[in-house]
Ligand SMILES: Nc1nc2c(c(=O)[nH]1)N[C@H]1C(S)=C(S)[C@@H](COP(=O)(O)O)O[C@H]1N2
Ligand SMILES: [Mo]
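In UniProt numbering, the protein residues as written are 1 to 365.
Set out below in structure tokens:
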């Protein structure tokens with residue numbers, strides 16, 4: 001049966017090199033994915049630092065852009081090894097059956113991660129399950145299967161790549177083509193996070209320079225139903241919870257406090273990121289007015305009634321940071337309604353989903 005697959009590129013050497021590249025990319029995706037998960041849902045003992053300012057921007061850019069660039073590697077690897085699917089006899093022993101089952105789990109988990117990941121950043125929610133949870137748990141299955149597969153294949157792959165090939169069947173050309181495809185995908189996506197490359201980012205769903213005030217918007221005020229409440233002159237910011245005194249501030253009160261500027265990125269979990277010059281009051285100044293303990297955590301709540309991103313938790317390293325602002329303006333103009341007018345949180349080294357817009361309440365715990 002295998003004789004029918006005429007291309008000699010379906011061989012061990014190509015499979016090994018692609019396997020090594022895939023193994024490295026998947027482990028990098030896994031590590032950066034864990035960073036993103038635990039920044040959003042820290043375990044009890046975790047406190048993330050607020051510096052370096054661009055840390056999350058880099059880890060999540062690597063996760064998403066690196067993940068998209070891995071797709072050509074995965075496709076090439078599957079093409080290289082698929083003749084084995086039809087090997088005969090299908091099962092030779094218990095061990096062989098276990099190996100085949102493992103490869104099945106590995107391929108299924110890898111396809112699931114890449115397909116759902118790409119659909120998610122393309123805003124094509126074709127699946128019924130909640131992406132984040134499914135993507136997170138499947139990552140452990142993928143990496144578990146990968147580690148067993150690597151320990152199983154290590155010796156053989158090592159021998160294969162260490163010995164000189166006896167024939168020339170165009171492997172090098174094939175591998176270079178795959179590398180070029182992967183590089184091209186990366187180059188045409190990277191502009192979503194690397195602003196100077198924005199014009200090349202034809203594959204990126206969001207790009208710097210688009211959207212109000214040159215910054216993209218995921219959820220608009222209209223989509224979240226806050227247009228009227230955000231524009232209401234009766235809008236107030238309240239500081240409540242474990243405070244020495246409750247504080248209520250109007251927009252004019254906020255403008256009367258000392259104003260600061262911070263150059264910080266919005267770094268979306270979807271991989272796009274854009275730096276902007278934010279202007280507003282320091283979160284710590286507002287919390288001090290209410291007399292907040294230094295070790296408190298603060299929940300920043302928006303006017304939004306429903307929706308997963310209507311509030312976010314701010315730990316001491318972030319709220320004490322002088323760069324963390326309740327922004328009233330950006331890029332030299334008052335905050336656009338879609339960017340969170342009258343007031344939004346912006347903090348260093350933090351996922352975009354936790355940069356709450358249309359803030360109206362700070363609850364101290
Ligand atoms: N209240 C509220 N804040 C929110 C969101 C939201 O849906 N509701 N979306 C978040 C997400 S996912 C991102 S990436 C950033 C984007 O900020 P921008 O629209 O100003 O670029 O806002 C965050 N703040
Ligand atoms: Mo986001």
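Just so you know, even glycine gets a beta-carbon here, dropped at the ideal spot from N, CA and C.
Predicted model, so just to flag it, every value in this text is computed and none were measured.
Given residue i as reference, the closest of the options once Cα atoms are compared
i	options	result
residue 108	267, 282, 75	75
residue 190	176, 179, 205, 246	205
residue 15	358, 4, 77	77
residue 320	29, 18, 47	47
residue 358	143, 201, 312	312
residue 220	251, 303, 288, 257	303
residue 275	307, 120, 346, 341	346
residue 341	128, 228, 264	228
residue 318	51, 7, 26, 27	51
residue 216	129, 231, 225, 198	198
residue 231	133, 336, 200, 296	336
residue 202	39, 322, 266, 122	122
residue 161	330, 339, 19	19
residue 58	133, 305, 265	265
residue 118	71, 34, 164, 154	71
Buried or exposed by the 16-neighbour rule on C-beta atoms within 10 Å, applied to residue i
i	result
residue 270	buried
residue 156	exposed
residue 348	buried
residue 137	exposed
residue 32	buried
residue 352	buried
residue 1	Interpretation of residue 1 is limited by its pLDDT of 46, a score under 50 that renders its predicted location unreliable; the figure taken from the coordinates is listed afterwards. By the 10 Å Cβ count, residue 1 comes out exposed.
residue 246	exposed
residue 173	exposed
residue 328	buried
residue 56	buried
residue 45	exposed
residue 207	buried
residue 344	buried
residue 256	exposed
residue 5	exposed
residue 267	buried
residue 338	buried
residue 350	buried
residue 24	exposed
residue 272	buried
residue 110	buried
residue 182	buried
residue 133	exposed
residue 80	buried
Sub-8 Å separation of residue i and residue j beta-carbons
i	j	result
residue 150	residue 241	no
residue 139	residue 113	yes
residue 61	residue 184	no
residue 261	residue 278	yes
residue 171	residue 310	no
residue 298	residue 251	no
residue 69	residue 180	no
residue 244	residue 307	no
residue 73	residue 21	yes
residue 354	residue 40	yes
residue 10	residue 36	no
residue 65	residue 102	no
residue 283	residue 326	yes
residue 224	residue 238	no
residue 120	residue 131	yes
Whole-number beta carbon distance between residue j and residue i, since they are thought to touch under 8 Å
i	j	result
residue 332	residue 316	About 31 Å; that fails the 8 Å criterion.
residue 286	residue 258	That belief does not hold up - the Cβ atoms of residue 286 and residue 258 are roughly 11 Å apart, past 8 Å.
residue 300	residue 210	Going by Cβ atoms, the distance from residue 300 to residue 210 rounds to 26 Å, so no, they are not a contact pair.
residue 99	residue 167	Not quite, the Cβ-Cβ distance comes to about 27 Å (not below 8 Å), so this is no contact.
residue 97	residue 91	5 Å
residue 175	residue 17	6 Å
residue 8	residue 115	Going by Cβ atoms, the distance from residue 8 to residue 115 rounds to 30 Å, so no, they are not a contact pair.
residue 143	residue 26	7 Å
residue 323	residue 28	Residue 323 to residue 28, Cβ: 28 Å. No contact.
Proximity test, Cβ basis, 8 Å: residue i and chain D
i	result
residue 338	Any reference to chain D falls outside this structure, which holds one protein chain only.
Residue i CB to nearest heavy atom of ligand 4 below 7 Å
i	result
residue 57	For ligand 4, the structure offers nothing, since it holds only ligand 1 and ligand 2.
Suppose only complete runs of 4+ residues qualify. What are the alpha helix (DSSP H) ranges in the segment 139-218, listed by chain order?
171-187
Ordered list of alpha helix (DSSP H) runs contained in the UniProt domain "Oxidoreductase molybdopterin-binding" (232-364), each at least 4 residues:
251-256, 283-290, 316-319
Complete alpha helix (DSSP H) runs within the segment 30-86 (minimum length 4 residues, chain order):
55-81
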